[in-house]
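Report on one structure; see the data block that follows.
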Amino acid sequence: MAKILVVEDEQVINDLIVKHLALVGHTCLSAYEGLRALELLRTHEPDLVILDVMLPGLDGFDLVKLMGDVPVIFVTAKSNLEDKLKGLSLGAEDYIVKPFEMQELLARVRVVLRRTKRDSNEFSFDGLTVDFNARKVFRGEEEIILAPKEFALLEALIKNRNIALSREKILCLVWAFDYEGDTRTVDVHVQKLRQKLELKDRIRTIYKVGYRFEV
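The working numbering puts the first residue of the sequence shown at 667, with every later residue one more than the last.
Shown next, in the form of structure tokens:
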């Protein structure tokens, strides 16, 4: 996954963003003011920066001018159109206005990382390696054959790991919005994944909700 620098002067918000990014597998760094963020940028070379505008010392608009080509998502209370246009014109990939839903931020992070090709294309756990580009799964050197929908389900679960997904949400992610079947399809495919990849202890059934991939 990616290395992400969170630059936000309110510690509660900073900690909350870091917690949710870490839950889905990202490595995070925190800064609470602009000059410290600039130092971390130069020493750690993050893949993405989540940046507030109103910061002590060096504000976000000034900071982004010094950051080079690292992708930036502004997360700020400055909601007027002029500020949004300014942030985007400075090269930001996205501009999110507070308050926001954490799921929205995670989704936009995924989009930016995919668009800028900064995200890892492989994920490893329990002796398995999932290659998202090749859409293949290996145990050591041996490939484990998955049907296309089985792989798509595994990918959706991994990329939303440690988050409980409803069966309806999984249908939308894997089978698309116009799928005419019912949620039992999800249960059948989850059982196949558990058996083929020995994921009984990884894919947890969440009562009256759906499933969660735990790492």
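The C-beta atom is built at its ideal place from N, Cα and C for all residues, glycine as well. Since the model is a prediction, treat every value here as computed from it, not as a measurement.
Shown here, S745 sits in coil according to DSSP, grouped into three states, outside any helix or strand. Counted as a single uninterrupted DSSP element, the alpha helix (DSSP H) harbouring G700 occupies residues 700-710.
Under the three-state reduction of DSSP output, I811 falls in the coil class, being neither helix nor strand.
The stretch 750-761 and the stretch 814-829 do not touch, with fewer than 3 CB-CB distances between them shorter than 8 Å.
CA-CA distance, F879 to R870, rounds to 6 Å. Rounded to the nearest whole angstrom, the CA to CA distance from H692 to R850 is 32 Å. Here the C-alpha atom of E807 lies approximately 13 Å from the C-alpha atom of S790. Following the DSSP letters along the chain, one finds K669 inside the beta strand (DSSP E) bounded by residues 669-673. When secondary structure is reduced to three states using DSSP, F766 falls in the coil class, being assigned neither helix nor strand. According to DSSP, D681 shares a beta bridge with no other residue. For the pair L812 and K862, the CB atoms are nearer than the 9 Å cut-off.
Straight-line spacing of the CA atoms in K802 and L717 works out to 35 Å. Restricting attention to K783, D867, K669, the CA atom closest to the CA of V690 is found in K669. When only Cα atoms are considered, D713 and L707 end up about 10 Å apart. With respect to L837, V852 sits close: the two C-beta atoms are nearer than 9 Å. Out of A818, L724, V881, E834, the CA that lies nearest to the CA of L859 is found in A818. With contacts defined by Cβ atoms closer than 9 Å, E699 and G723 form a contacting pair. Taking C-alpha positions only, F798 is separated from I824 by approximately 10 Å. Listed in chain order, the non-local C-beta contacts of A703 below 7 Å within the same chain comprise L671, V673, A697, L729, local neighbours out to five positions each way being set aside. Annotation: the continuous beta strand (DSSP E) that includes G876 extends over 876-879.
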